[in-house]
Amino acid sequence: MKKLVTILSIAVISSAFALGVPTASVQADEVKVPVSQQGSNISTPKRGISKAQVEKRFGSPSSVQGPVGQPPITKWVYGSFTVYFEYDHVIHAVAHKS
């Protein structure tokens, strides 16, 4: 039975090509992003490091918000980036738009 279904499928597809039935076409656009906008040269804390390590490397934040919620999320804001912590470890660092 599987063999029959496979043969019929191949026959239908072959017939469609032979009869000139339009098939789906794929088109893609090229996106060019200027080098100056591709990424940030700002050094930010890496995921997983502790609050103590962040403070040792980057100094005290200009503001601290939280902790909020469960698990507790704390936000430290620096001049050019913001760091998000879950409990005592970095989960994300975001560069500010210039």
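Taking the working numbering, the leading residue of the sequence shown gets -19, the next gets one more, and so forth. Glycine included, each C-beta is placed from N, C-alpha and C at the ideal position. In this text, all values refer to a predicted model and were calculated from it rather than measured experimentally.
Asked: Would DSSP call alanine 8 helix, strand or coil?; Found: coil
Asked: Mapping the DSSP letters down to three states, classify isoleucine -7 as helix, strand or coil.; Found: helix
Asked: So for threonine 54, helix, strand or coil by DSSP?; Found: strand
Asked: Assuming valine 70 and isoleucine 22 make a contact with CB atoms under 8 Å, what is their CB distance in whole Å?; Found: Actually they are not in contact, since the Cβ atoms of valine 70 and isoleucine 22 sit about 15 Å apart, beyond 8 Å.
Asked: With distances taken Cα to Cα, identify the nearest neighbour of histidine 76 among Tyr67, Ser60, Glu66 and Gln45.; Found: Ser60
Asked: Where does isoleucine 71 fall in DSSP's three states?; Found: strand
Asked: Just how far apart, CA to CA, sit proline 52 and valine 63?; Found: 14 Å
Asked: Only counting the same chain, and skipping five residues up and downstream in sequence, which positions put a Cβ closer than 6 Å to that of threonine 54?; Found: Gly46, Pro47 and Phe65
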